[in-house]
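Below is one structure, written out as structure tokens, with a few remarks after it.
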Amino acid sequence: EAQVTQNPRYLITVTGKKLTVTCSQNMNHEYMSWYRQDPGLGLRQIYYSMNVEVTDKGDVPEGYKVSRKEKRNFPLILESPSPNQTSLYFCASSLSAGEGTYEQYFGPGTRLTVT
Amino acid sequence: AQTVTQSQPEMSVQEAETVTLSCTYDTSESDYYLFWYKQPPSRQMILVIRQEAYKQQNATENRFSVNFQKAAKSFSLKISDSQLGDAAMYFCAYRTSGTYKYIFGTGTRLKVLA
Numbered sequence: 039e040a041q042v043t044q045n046p047r048y049l050i051t052v053t054g055k056k057l058t059v060t061c062s063q064n065m066n067h068e069y070m071s072w073y074r075q076d077p078g079l080g081l082r083q084i085y086y087s088m089n090v091e092v093t094d095k096g097d098v099p100e101g102y103k104v105s106r107k108e109k110r111n112f113p114l115i116l117e118s119p120s121p122n123q124t125s126l127y128f129c130a131s132s133l134s135a136g137e138g139t140y141e142q143y144f145g146p147g148t149r150l151t152v153t
Numbered sequence: 825a826q827t828v829t830q831s832q833p834e835m836s837v838q839e840a841e842t843v844t845l846s847c848t849y850d851t852s853e854s855d856y857y858l859f860w861y862k863q864p865p866s867r868q869m870i871l872v873i874r875q876e877a878y879k880q881q882n883a884t885e886n887r888f889s890v891n892f893q894k895a896a897k898s899f900s901l902k903i904s905d906s907q908l909g910d911a912a913m914y915f916c917a918y919r920t921s922g923t924y925k926y927i928f929g930t931g932t933r934l935k936v937l938a
């Protein structure tokens with residue numbers, strides 16, 4: 039089954055404790071992206087990747103890191119989480135994104151709470 | 825910078841009726857793509873419909889259609905014969921052609937009344 043998986047689905051952590059949210063897709067997609075969703079703000083793009091070893095900042099990259107060492111994986115790293123990073127996080131992938139209305143496939147979301 | 829505005833935080837519609845969700849955007853680009861996504865209570869993001877800016881014909885997917893007014897920078901979603909399963913948060917999204925950045929609106933919560 040074609041899908042985007044995220045782990046963990048729920049996470050409660052404390053300020054400053056490094057964490058990684060994993061994202062994996064099995065569709066051989068070139069493009070992958072991370073978003074955060076906050077009430078009243080919609081989805082905001084954190085980072086995206088056009089292919090292996092190629093990443094770029096979205097609108098809200100501060101406090102986050104990403105890497106794309108393999109085509110299928112795109113982990114989101116919070117090296118020193120803070121309470122303002124409490125949010126619902128989505129990973130997404132698509133065949134391409136440069137041209138065309140390629141559909142983004144979204145993961146199920148990760149609910150992160152930083153206390 | 826591009827922006828997407830959804831001015832209706834919440835809307836209600838009677839089952840079997842028609843409802844229109846509004847979306848306006850601001851861009852200086854001429855080539856771009858527009859999308860509507862649905863987010864039911866399960867939180868899963870589902871693509872509803874997509875539109876290429878260079879196409880004058882409005883996109884249609886079964887009961888879902890858009891009214892794309894390029895000059896007015898408007899991209900509204902019409903849902904016909906509303907069903908209880910249509911109840912969800914709906915997000916409008918924009919992407920400039922040739923880029924990888926997506927801009928989402930703040931969403932409209934749609935309630936469907938039985």
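So the sequence lines, in the order shown, correspond to chains A and B. The first sequence maps to residues 39 to 153 in my numbering. The second sequence maps to residues 825 to 938 in my numbering. A virtual CB, placed ideally from N, CA and C, is assigned to each residue, including glycine.
* Asked: For Gln-919/B, which residues of its own chain have a beta-carbon under 7 angstroms away from its beta-carbon, when the five flanking residues on both sides are left out?
  -> A small fix is needed here, since residue 919/B is Arg in this sequence, not Gln. If we look at Arg-919/B and ignore the five residues flanking it on each side, its Cβ neighbours are Tyr-856, Tyr-857, Lys-925 and Tyr-926.
* Just list the beta strand (DSSP E) runs in the region 78-132 of chain A, keeping only unbroken ones of 3 residues or longer that don't cross its boundaries, in chain order. => 80-89, 92-95, 114-116 and 125-132
* **Beta-carbon proximity check, Arg-887/B vs Ile-873/B, cutoff 8 angstroms** => no
* Asked: Based on Cα-Cα distance, which residue from Gly-929/B, Gln-907/B, Phe-928/B and Glu-885/B lies nearest to Val-843/B?
  -> Gln-907/B
* For the beta strand (DSSP E) holding Asp-850/B, just list the boundary residues, first then last. => 848-850
* **For Tyr-127/A and Val-59/A, the rounded distance between their alpha carbons** => 9 angstroms
* Arg-933/B - partner residues in DSSP beta bridges -> Glu-834/B and Met-913/B
* To do: Examine chain B for any beta-carbon lying closer than 8 angstroms to the beta-carbon of Glu-141/A, and answer yes or no.
  => yes
* chain A within 8 angstroms of Met-869/B, Cβ atoms only -> yes
* For Met-65/A, go through chain B and note every residue whose CB falls closer than 8 angstroms to its CB, in chain order. => Simply none; closest approach about 14 angstroms.
* **Bridge partner(s) assigned by DSSP for Arg-47/A** => According to DSSP, which records beta bridges pairwise, Arg-47/A is partnered with nothing at all.
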